[in-house]
């Protein structure tokens, strides 16, 4: 069945469609039906079924005779080490850690925080929690102590599993002082902290701490514990507009069903093949596509401890793909832009045989056409932009290449996946026609695996996602749809700027700027303007090796926007900067730039990669008359 037929099949009978998809999962007790309507726009999926995530991700593959298949490839150019873990070995490691956790009284429903770098033990910890039905909350390794403390208070973990340190190019980040500081700040105290000692930065083991290996000595391995289909698999905190993080809840049954479906139909891999998502377990991509989906589907997953450049060079991605025969590769546009900026002619790529690679998948932020075209030309494979959120856990709109590869329209993540009825709404909540910019919303109910609520915050869930457009989930993104049903994500809703009464997309301007041959990366924000209300400001990062005068490049960029978008954009302000302020996952901190430019107070973003860059941005803005305060 092709995409259109599959989508229409889902739309005609969602219940039957999802029940059929659920047959690919091993249930301890099969669900009697798919959807459970709890009233007031609250929904659950497969709620009366019983299932275990770890069984589906590990044990069933061993039982099926595939225990010798590699489950995890660990590749760490930072330490110069690599390893392979088979499904049988993974089963033994996970059962051992789960047994140790059980010996401390941790059972189904208890929370465990995981504060780990990109090492295989991070996945072992996640799966050990899933084995017991414990609810894990992975916090990005090296997160500031106060941010970790907020999460400790919110989910009240019985245990924390951490490493002694994480590694960045040229530096070691000590985790233990941050962990101890967080526990000292928090109102809640965990009963035990399990510490994985790393040779690159061992730490002191305190009174409440236990060594990873010593913790597991002499314990009985734990069996998988079935849990209801609506049981929380994990909590993942995402930044909230109020500054308080939102605990996105992932339900077990729907998570298994939906992720398993995506591996073949979207990422076009068969069980046994190697899939690589170059992300971090602290982010949703790491949850869905480093840990769970590849293992549930019986793939080999890559755990990569490195960066797209500098570990050791801009060819590290291509080396990993060749060395491990990666079939599908998933990363953020930011990572590809970093490679492009460092190696614009793609000289490093020529050193490697990438003939096994089928496609590159991009998500996490808007993928500008220039980056997609560069990657397509360099790799000689399709580049598929796709769009989803922490809240959904997997693709809202993408190109279902494993089902049917649809024509790529550069600038669009293609079409809505089965389960998602995506609509473009005006401010009053009415659908708008093709080509019209509006708020992107999804008709309820959301599909299996998406968030049913926020942890201990149902009212906040409703206010954040359901109140703006009754009967719809508000994505917070703005965009449009064309006559073929292709979606275009233009900006976050708050990045649509109003210039003299005209609603303009900053994303459209960024596309134009990114097309300039000297611009490697850019961002456009709306800053306060006394006459027009808002005016667009462009921040430009140049390609390595460009030595032309900056004012020439700025003038050319202003001219490009005027020619390609029109005078209505009133695009006159732009400046060259060395780097853009970003989160660790690669998202550009546009709203923070706006506040600096407009002299407004702001809270230091918890996820910022390097706080020092904000001072650089302020100094640069002052040269063009902004950020005067």
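Residue numbers (the UniProt record's numbering): 1 to 629.
Don't be surprised by glycine CBs; every beta carbon is placed ideally from N, CA and C.
Within the segment 85-170, the complete beta strand (DSSP E) segments at least 3 residues long are 111-115, 135-138, 159-163, 165-168, listed from N- to C-terminus. By the criterion of a C-beta distance shorter than 7 Å, residue 261 is surrounded in its chain by 21, once the five residues flanking it on both sides are discounted.
By the CB criterion at 8 Å, residue 555 and residue 532 fall outside the cutoff.
Counting along the chain, the unbroken beta strand (DSSP E) around residue 488 starts and ends at 487-492. Looking at the DSSP output, residue 472 sits in a beta bridge with 443. Contact check for residue 157 against residue 111 passes: the beta carbons are separated by less than 8 Å.
No Cβ-Cβ contact shorter than 8 Å links residue 432 with residue 397. Straight across, the Cα-Cα distance linking residue 222 with residue 95 is about 5 Å. Under the DSSP definition of a beta bridge, residue 43 partners with 37. DSSP places residue 623 in the coil class of the three-state scheme, outside both helix and strand. Residue 502 has its alpha-carbon roughly 45 Å from the corresponding atom of residue 115. Beta-bridge analysis with DSSP links residue 276 to 329.
For residue 174, the pairing in a beta bridge is given by DSSP as 165. When 194, 506, 568, 498 are compared, the shortest CA-CA separation from residue 490 is found for 506.
Counting only residues of its own chain and dropping the five nearest sequence neighbours on each side, residue 617 has a CB closer than 7 Å to the CB of 577, 581, 593, 596. Residue 254 sits close to residue 449, with the two beta carbons spaced by under 8 Å. DSSP places residue 417 in the coil class of the three-state scheme, outside both helix and strand.
Going by beta carbons, residue 149 and residue 196 fall outside the 8 Å limit. With fewer than 16 other beta carbons inside 10 angstroms of its own, residue 428 counts as exposed.
Contact between residue 193 and residue 160 is confirmed by a C-beta separation of about 5 Å, below the 8 Å threshold. Note that the C-beta distance between residue 425 and residue 435 is not below 8 Å. Separation of residue 460 and residue 568 (C-alpha to C-alpha, rounded to the nearest whole angstrom) is 38 Å. By the neighbour-count definition (other C-beta atoms within 10 Å, threshold 16), residue 328 is a buried residue. Residues of the same chain with a CB within less than 6 Å of the CB of residue 130, apart from the 5 flanking positions on each side, are 53, 54 in chain order. A residue is called buried when at least 16 other Cβ atoms come within 10 angstroms of its Cβ; residue 530 does not meet this threshold and is exposed. Here residue 604 is exposed, its C-beta having fewer than 16 other C-beta atoms within 10 Å. By the Cβ neighbour-count rule, residue 395 is buried, with 16 or more other Cβ atoms within 10 Å of its own. Spatial neighbours of residue 363 in its own chain (CB-CB distance under 6 Å, excluding positions within 5 residues in sequence) are listed in chain order as 386.
Taking a C-beta distance under 8 Å as the contact criterion, residue 513 and residue 540 qualify as a contact pair.
Take the alpha-carbon of residue 341 and the one of residue 411: they are about 20 Å apart. Only residues of its own chain outside the window of five on either side were considered, and among them 285, 289, 290, 330 have a CB closer than 6 Å to the CB of residue 277, listed in chain order. For residue 540, the enclosing beta strand (DSSP E) covers residues 533-542. Within the model, the alpha-carbon separation for residue 561 versus residue 142 is close to 40 Å. Taking C-beta atoms as the reference points, residue 606 and residue 147 count as a pair closer than 8 Å. Spanning the alpha carbons of residue 308 and residue 551 requires a straight line of approximately 30 Å. Here residue 400 is buried: its Cβ has 16 or more other Cβ atoms, across all protein chains shown, within 10 Å.
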